[in-house]
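Chemist: Those letters in the sequence shown? Residues -30 to -1, 1 to 211, per mature numbering (1 follows the signal peptide of the UniProt record, and there is no 0), in order. Just so it is clear, CB atoms sit at the ideal spot from N, CA and C, and this is done for glycine as well. Being a predicted model, the structure only gives us computed values, none of them experimental.
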Amino acid sequence: MPSTFLTFRTSCIAAFMVILLTTLYACSHADDPVTGTWKLPGEDITADFSKEGTVTLSISGTTISGAYRRDNENNLLVDMGNGEQRIMLSEQGNELRLSDQQNDTDIFLRLETAQNVDKAEELFTRGYQADQCDSSIVFYSDAIMLLEGIPSESEHLARAYNNRGICHEKNDETDEAMNDYNKAIETDPRLEIAYGNRAWLYDKLGNRPAAIVDYKRAAELGYIPARQWLSEQGIGTETGK
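#1: List the endpoints of the continuous alpha helix (DSSP H) containing A196.
#2: Counting beta carbon pairs with one atom in the segment 155 to 169 and one in the segment 185 to 201, are three or more of them shorter than 8 Å?
#3: V4 lies in the alpha helix (DSSP H); which residues open and close that run?
#4: Assign T24 to one of two classes, buried (16 or more other C-beta atoms within 10 Å of its C-beta) or exposed (fewer than that).
#5: Have a look at L(-10) and G53 and give me their C-alpha separation to the nearest angstrom.
#6: Determine the extent of the alpha helix (DSSP H) in which D101 is found, giving its start and end residues.
#7: Measuring only the C-alpha atoms, how far is P3 from K186?
#8: How far does the beta strand (DSSP E) with D18 in it reach, from first residue to last?
#9: Note down the Cα distance separating G204 from A181, rounded to an integer number of angstroms.
#10: Heavy atom of the ligand ZN less than 8 Å from the Cβ of K186, yes or no?
#11: When burial is assigned at 16 or more other CB atoms within 10 Å of the CB, is R160 buried or exposed?
#12: Could you pull the start and end residues of the beta strand (DSSP E) that L47 belongs to?
#13: Taking 9 Å as the threshold (C-beta atoms), are C103 and K153 in contact?
#14: Considering only their Cβ atoms, is the gap separating Y110 from Y131 smaller than 9 Å?
#15: Determine the contact status of L10 and F94, defining contact as a CB-CB distance below 9 Å.
#16: Could you name each continuous beta strand (DSSP E) segment of 3 residues or more that falls completely within the segment 81 to 139, going from the start of the chain to the end?
#17: Rounded to a whole number of angstroms, what is the C-alpha to C-alpha distance between S106 and D18?
#18: Could you check whether G51 and I34 sit closer than 9 Å to each other, using their CB atoms as the reference points?
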């Protein structure tokens, strides 16, 4: 009788462990911040991470299925049929790279966010093509609202600010133009054209020292009109070019 009891107890423990491990496995995926649908902005490419640990990659209607898991160091691993590969999810859980390279420029965003980026791109294009500056300002403003708060879209956001600033300047709205150029540079400190545009506005407003500083910075970043202006004024650049 004791041996029968032990066998029954052992089988119960084994069954319990299977149920526990299955539950923990399911919960680990359900709680994983990568779960959900991701999209590459500007492209017809999505990646869906299910709570069950499967991955579905869709490229222009063609789908590839795989699986994902976390290793002991909490690295995110994906296997799409060619072996496991590490991928990277941002600490905030809002940006996904399907590689382990931090400099990978193909950044997937949550589906709704990526769709907003796509819409912002359409608005940006409409703003660029509009015949009237007032219309352009509206389109650029709408694009800015959609792009704000998305780290990977800082360059596009800065360009929207810059272009809106140009429109404000054409409308003789110098304060608004200056604010937009400032915001463009704050958002993307390497946007050379924004320095050039702000320098032009500074010079037009009579602030030549500030204009020279901005022209020099624009020239350092490779903005050819800034180099030409400095050369015409007989002013050298810090790069010596």
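Modeler: Answer, in terms of the structure:
#1: 194 to 202
#2: yes
#3: Segment: none, V4 is in no alpha helix (DSSP H) and carries neither H nor E.
#4: exposed
#5: Low confidence applies here, because L(-10) scores a pLDDT of 42, under 50, leaving its location unreliable; read the following figure in that light. Using only the alpha carbons, I get a separation of about 24 Å.
#6: Careful: D101 lies outside any alpha helix (DSSP H) and carries neither H nor E.
#7: 45 Å
#8: 15 to 19
#9: 14 Å
#10: Judged by which ligands are present, the structure shown has none, so any question about the ligand ZN falls away.
#11: exposed
#12: 46 to 49
#13: no
#14: yes
#15: no
#16: none
#17: 36 Å
#18: yes
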